[in-house]
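Chains as they are written, first to last, in UniProt numbering: chain A, 1 to 342; chain B, 1 to 342; chain C, 1 to 342; chain D, 1 to 342.
4 protein chains.
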Amino acid sequence: MRVGVLTGGGDCPGLNAVIRAVVRKGVEVYDFDFVGFRDGWRGPLENVTCPLGVAEVRGILPRGGTVLGSSRTNPFKVEGGVERIKQNLADNHVDALVAIGGEDTLGVATKLSDLGVNVVGVPKTIDNDLSGTDFTFGFDTAVNIAMEAIDRLHTTAESHHRVLVVEVMGRHAGWIALHAGMAGGANIVLIPEKPFDIDKVCAYVEERFKKSYAPIVVVSEGAVPVDGGDMTLQSGETDAFGHVRLGGIGDRLASEIEQRTGKEARAVVLGHVQRGGTPTAFDRWLATRFGLHAITAVAEKDFGTMVALRGKDIVRVPLIEGTGELKVVSPEEYAEAEVFFG
Amino acid sequence: MRVGVLTGGGDCPGLNAVIRAVVRKGVEVYDFDFVGFRDGWRGPLENVTCPLGVAEVRGILPRGGTVLGSSRTNPFKVEGGVERIKQNLADNHVDALVAIGGEDTLGVATKLSDLGVNVVGVPKTIDNDLSGTDFTFGFDTAVNIAMEAIDRLHTTAESHHRVLVVEVMGRHAGWIALHAGMAGGANIVLIPEKPFDIDKVCAYVEERFKKSYAPIVVVSEGAVPVDGGDMTLQSGETDAFGHVRLGGIGDRLASEIEQRTGKEARAVVLGHVQRGGTPTAFDRWLATRFGLHAITAVAEKDFGTMVALRGKDIVRVPLIEGTGELKVVSPEEYAEAEVFFG
Amino acid sequence: MRVGVLTGGGDCPGLNAVIRAVVRKGVEVYDFDFVGFRDGWRGPLENVTCPLGVAEVRGILPRGGTVLGSSRTNPFKVEGGVERIKQNLADNHVDALVAIGGEDTLGVATKLSDLGVNVVGVPKTIDNDLSGTDFTFGFDTAVNIAMEAIDRLHTTAESHHRVLVVEVMGRHAGWIALHAGMAGGANIVLIPEKPFDIDKVCAYVEERFKKSYAPIVVVSEGAVPVDGGDMTLQSGETDAFGHVRLGGIGDRLASEIEQRTGKEARAVVLGHVQRGGTPTAFDRWLATRFGLHAITAVAEKDFGTMVALRGKDIVRVPLIEGTGELKVVSPEEYAEAEVFFG
Amino acid sequence: MRVGVLTGGGDCPGLNAVIRAVVRKGVEVYDFDFVGFRDGWRGPLENVTCPLGVAEVRGILPRGGTVLGSSRTNPFKVEGGVERIKQNLADNHVDALVAIGGEDTLGVATKLSDLGVNVVGVPKTIDNDLSGTDFTFGFDTAVNIAMEAIDRLHTTAESHHRVLVVEVMGRHAGWIALHAGMAGGANIVLIPEKPFDIDKVCAYVEERFKKSYAPIVVVSEGAVPVDGGDMTLQSGETDAFGHVRLGGIGDRLASEIEQRTGKEARAVVLGHVQRGGTPTAFDRWLATRFGLHAITAVAEKDFGTMVALRGKDIVRVPLIEGTGELKVVSPEEYAEAEVFFG
């Protein structure tokens with residue numbers, strides 16, 4: 001059998017570990033051969049391929065990024081896109097595809113599967129917000145990076161009686177903020193699922209200082225104030241200089257806290273540091289297992305499925321499950337650790 | 001309610017995170033007060049206590065070790081031990097105990113529970129070999145430390161055409177070796193559950209060199225050769241100098257491979273480095289949740305239980321479940337990644 | 001002899017290592033005793049002291065921050081400040097002071113020394129911009145943290161064809177940017193000493209993309225555009241919302257590059273992460289040696305001096321040398337590595 | 001000009017950084033072209049070459065090992081070796097060589113230089129024991145790895161009242177042990193330059209335990225007991241099993257301390273972990289500067305020299321200086337930190 005592999009969407013530590021596992025087991029156990037498609041769905045759409053064998057995956061396990069490149073190309077938004085993909089797969093004698101990606105990439109995979117393309121999906125999101133799987137790889141790495149930053153900030157917060165605001169990733173789901181906040185011993189954790197009240201945040205900041213503690217605030221990039229909160233946190237507005245307003249929620253929150261409480265506040269914006277570089281052991285282990293099981297699904301011609309973690313087991317679920325509704329932090333999950341968060 | 005807390009057995013990153021969570025939630029949500037017992041069961045046996053409140057747990061989340069100290073004292077091996085414990089608990093007005101420990105510590109907890117002591121257990125083992133829970137805290141930290149060592153060894157193995165043997169923890173179970181070997185891209189993984197054949201190990205070493213790759217061998221400290229293997233790997237024997245024979249399985253394996261294959265082989269023995277120091281995010285998160293749920297079990301007077309991880313949920317199981325048979329690597333679990341291991 | 005110790009100014013990994021070395025050698029070799037003054041010059045000014053002995057410095061070597069606290073209090077700006085300090089030193093029977101701090105703290109030390117107070121200084125600045133010493137502790141830690149961030153960003157820059165801007169510390173001197181940029185393989189390094197031309201920056205960004213490389217830009221927080229550059233990078237202005245303009249040079253540069261080149265650009269602002277947490281080996285070694293030599297200077301009554309690193313030697317220089325002109329990156333030092341920087 | 005580059009001797013983080021700097025500046029500033037010689041002096045001896053240009057050095061800055069491979073081949077021990085090297089250099093139109101290596105590699109370079117080969121040397125030793133330069137790259141990385149291990153061991157030593165022995169690299173010089181011991185807060189540091197008295201070591205161990213501290217002992221692999229010390233620490237002897245005696249000084253010391261003091265003692269042997277993997281910022285900075293200055297020496301035809309660090313400056317010294325006597329820890333340098341070491 002000849003198998004195509006592609007990676008789509010945002011960077012995520014562990015992508016290379018998946019690719020390596022797919023190829024190593026595919027070649028050594030199933031005697032498959034492989035073709036790499038470059039830059040997500042752009043590869044099969046525009047027939048951009050690269051060699052992919054045991055030699056190409058050598059040494060890539062610990063590396064961040066993806067040796068196949070990535071993009072957000074959506075063939076369904078391209079005239080005749082599906083037909084071109086089918087033709088290119090046929091021209092390359094590709095019998096099946098392993099598509100590694102998030103909501104968008106797997107959404108395309110789902111539709112192509114319905115249209116007769118043999119696809120197995122591998123779920124990927126650094127934000128950990130894909131349903132169908134307990135965890136996704138990359139998430140543990142992001143949480144550790146954020147936690148290490150928080151660890152370092154504690155001493156500074158204390159020595160200088162400053163508020164430190166750490167902005168972490170998470171547009172729609174607060175998983176990174178919640179886990180890093182718990183692991184780092186943050187004092188306030190603000191997530192997209194639970195709009196925050198700036199008055200309460202500032203009241204808690206002041207309460208902490210009275211006990212002579214300096215607070216650390218962890219905020220998801222997608223966190224928002226409650227309706228009617230008198231904060232000017234809107235993004236994307238044009239400022240007095242004619243530029244789009246700079247600074248994300250982290251900067252704005254620090255500025256707002258400083259103005260309201262009179263306490264110095266500083267922001268740290270980790271940004272893409274959270275999604276690059278070498279994966280943690282958990283992420284390499286999970287990504288490797290995802291890859292091993294995905295290629296077995298191909299061997300068993302169990303197409304239209306994706307691999308998923310359930311407890312300690314890797315299972316297969318219909319592709320549609322991974323691209324259904326977003327997995328967000330439930331009120332119960334947030335409440336579990338609330339004793340630590342103002 | 002007044003609650004005693006103790007930690008027993010070997011060091012494990014995350015112990016302080018459990019203690020902190022137990023105390024913070026106990027004080028702030030349930031209005032309990034606490035007494036710390038020093039050095040495992042020695043504390044309640046010999047009435048060695050220390051203050052334990054919100055002040056005492058401040059800043060301990062990222063720290064290795066345990067602020068309560070530890071020991072392997074077993075009160076059932078001490079004349080009148082149980083009575084003394086009961087008396088000391090009564091004298092300290094302790095209504096319930098949170099006992100954090102492994103097989104031995106929880107074994108004592110189980111028996112005391114049967115004898116009427118109010119105990120809730122928190123499972124702890126760096127080797128991840130306690131049944132009843134999917135994972136234990138400390139394990140992820142150990143695996144990451146071992147993986148980082150393997151990462152560093154890859155370049156040296158390649159540049160010098162050397163065999164590198166990494167001895168990791170795991171007396172009875174090969175979890176650390178298996179996970180670190182998968183995450184680090186090791187070429188041979190030897191675990192206690194599967195006696196190894198030194199001839200096959202050496203044959204694979206030579207095969208690797210023919211392909212111009214230098215192999216990395218990960219070996220659990222408890223790994224053993226198959227019966228009749230002509231290796232002299234027995235421990236504890238007295239050598240020609242009248243000393244107990246030095247060097248564990250790592251050193252011996254390196255020496256044996258060197259002699260048999262003529263390839264230079266070097267051992268790295270990580271030892272206690274794996275069980276000290278700051279915990280990973282996963283371990284802090286798991287340990288914190290264990291602590292939060294343990295004190296709730298106390299509040300709900302659900303004694304004789306221990307907390308456990310099942311999938312993403314923290315559940316309660318009877319104490320006896322944690323101290324039953326050891327959780328070892330099954331043949332299927334080992335086979336899953338075997339494509340990578342010679 | 002009775003010796004007072006204080007730490008002033010911004011946080012810096014290694015402060016605790018200095019304190020520990022001063023106290024350990026002072027007690028064990030010279031049989032001195034010690035008093036800690038809290039929060040920089042506020043301590044002797046307002047007579048806020050704490051016990052300081054071998055017990056107090058135990059275990060602090062690897063910790064960030066300072067166990068003595070810090071502040072920017074300047075007794076020369078307080079009515080009768082100098083007299084109060086002299087009186088409080090006398091009341092505490094303090095024969096000599098070890099003052100650990102940067103330009104401001106040592107500036108005060110210099111003046112007090114001229115007024116007859118027995119002071120030995122230890123230079124401290126994370127920015128490495130104090131003259132008189134080859135390096136200061138804390139700087140190596142900051143550079144490593146920034147380098148690790150850059151390492152992680154490389155894969156993301158490449159996979160997504162994005163410009164990544166990393167803002168690092170350095171208000172007046174570009175040492176952190178220069179060293180981290182060299183160590184991390186950055187493509188553009190902008191420092192305060194050399195105003196940048198935004199047109200040239202953007203031209204280089206575009207040139208890199210033509211060669212299909214995604215650039216990483218490291219920028220000191222104090223970097224500024226050349227006069228007449230049509231960038232709106234001024235800080236501290238009030239924007240349309242009545243707030244002080246948010247976002248530092250990192251955010252603004254990313255925004256400007258994005259608008260001019262049409263390439264996605266993202267900023268990472270490491271901020272206080274660079275000055276908190278555990279020091280590197282170099283910083284612990286340097287800080288420890290500074291402490292050991294400072295207390296010897298006290299024992300030898302060589303007051304009015306500060307310790308400094310020259311080559312591998314710790315020497316003593318007049319206090320005034322450390323607080324003279326700022327040590328900035330010379331054109332030659334910048335040019336040395338310019339082959340790597342667009 | 002056409003320049004050959006080779007790396008010889010043991011692995012050392014920073015080798016790739018040197019190669020990259022040599023090539024980048026050589027190509028971009030001097031318009032040189034390059035040829036890589038594989039595996040140290042074996043390359044020019046046996047004419048094993050590889051392409052070496054800007055493309056080949058891309059992305060290698062953070063990587064351990066050497067892309068050129070290494071060996072300990074000595075052409076002066078091969079019949080007609082020198083003539084073959086000269087012939088191969090001529091055949092490859094090589095005008096000059098950059099030789100990166102330690103005592104042996106630079107020793108060969110020195111002799112070849114005397115015989116008319118155009119060579120510039122770059123000093124390399126993880127042990128930091130080459131004279132002529134203040135520091136060598138790789139050393140800072142090794143010290144940090146050892147320090148991080150010691151950091152992790154502190155909590156375990158304390159919680160379990162155990163002696164922990166850490167064996168670090170250093171056959172002839174104790175630099176790694178001394179620096180890591182200072183940075184990690186070790187209690188005993190044993191180096192090759194100062195034979196140790198096992199009685200005194202054990203007496204100090206017992207003294208520490210009386211104060212309820214658990215000691216950490218750092219020992220260079222080349223440390224030896226004083227003459228007449230009744231320890232059986234000889235290496236390389238054949239034991240009762242006919243095998244070369246296993247276990248280095250670390251294992252033996254732990255065993256000896258355990259037997260004599262009755263306190264549990266455990267050894268950690270970091271071995272090659274110290275010389276593999278990504279370099280620290282200091283080592284990347286130093287290695288990069290060495291490379292930049294070495295290629296300038298070539299451009300200026302200043303052959304027979306090697307680059308060296310003196311203070312903050314990179315200077316050139318005659319090759320012979322780097323291969324003269326070993327730079328060992330002087331009694332004064334050891335004594336500087338002795339207050340910390342029992």
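Think of the CB as a built atom: it goes at the ideal place given N, C-alpha and C, for glycine as much as any other residue.
Report back the beta-carbon spacing between residue i and residue j to the nearest angstrom; my notes put them in contact at under 8 Å.
i: Ile188(B); j: Ala223(B); result: Not quite, the Cβ-Cβ distance comes to about 11 Å (not below 8 Å), so this is no contact.
i: Asp140(B); j: Asp313(B); result: The Cβ separation is near 18 Å, so there is no contact.
i: Gly271(A); j: Val268(C); result: 4 Å
i: Pro195(B); j: Val165(B); result: That pair is no contact at about 17 Å.
i: Leu68(B); j: Phe37(B); result: 7 Å
i: Arg24(C); j: Val3(C); result: Between Val3(C) and Arg24(C) the Cβ distance is about 13 Å, and since that is not below 8 Å, they are no contact.
i: Phe32(D); j: Gly40(D); result: About 21 Å separates the two Cβ atoms, so there is no contact after all.
i: Trp285(C); j: His179(D); result: 6 Å
i: Tyr334(D); j: Ile191(D); result: 7 Å
Using beta-carbon positions only, say whether residue i and residue j come within less than 7 Å of one another.
i: Gly9(C); j: Asp104(C); result: yes
i: Gln274(A); j: Ala183(A); result: no
i: Val317(A); j: Gly132(A); result: yes
i: Pro13(B); j: Gly64(B); result: yes
i: Asn92(D); j: Val48(D); result: no
i: Val339(C); j: Val29(D); result: yes
i: Glu206(C); j: Thr261(C); result: yes
i: Ile19(A); j: Pro44(A); result: no
i: Glu101(C); j: Thr155(A); result: This sequence places Gly at residue 101(C); Glu is not what is there. Contact: no.
i: Val328(D); j: Ala173(D); result: yes
i: Thr110(A); j: Ile320(A); result: yes
i: Ala21(D); j: Phe137(D); result: no
i: Val168(B); j: Ala177(B); result: yes
i: Asp134(A); j: Gly170(A); result: no
i: Asn144(A); j: Thr280(A); result: yes
i: residue 371(A); j: Gly116(A); result: Because chain A spans 1 through 342 in this model, residue 371(A) falls outside it and cannot be assessed.
i: Phe290(D); j: Val307(D); result: yes
Let me check one thing: in DSSP terms, what residues is residue i bridge-paired to?
i: Ser220(B); result: Val168(B)
i: Leu309(B); result: Ile314(B)
i: Ile249(C); result: BP columns for Ile249(C) are empty, so no partner.
i: Arg266(D); result: Leu164(D)
i: residue 364(A); result: Given a span of 1 to 342 for chain A in the structure shown, any question on residue 364(A) remains unanswerable.
i: Phe196(C); result: Pro225(C)
i: Gly4(C); result: Val35(C) and Leu97(C)
Could you check if residue i belongs to the surroundings of the ligand FAD, using beta carbon to heavy atom distance under 6 Å?
i: Thr73(B); result: Absence of the ligand FAD from the depicted structure is noted, as is the absence of any ligand whatsoever, leaving it without description.
Would you call the stretch 203 to 222 of chain C and the stretch 146 to 156 of chain C touching, i.e. three or more CB-CB distances under 8 Å?
yes
Specify whether the stretch 317 to 334 of chain A and the stretch 74 to 81 of chain B touch according to this definition: at least 3 beta carbon pairs, one from each stretch, less than 8 Å apart.
no
Entirely enclosed alpha helix (DSSP H) segments - the stretch 8 to 55 of chain A, minimum 4 residues:
15 to 28 and 42 to 46
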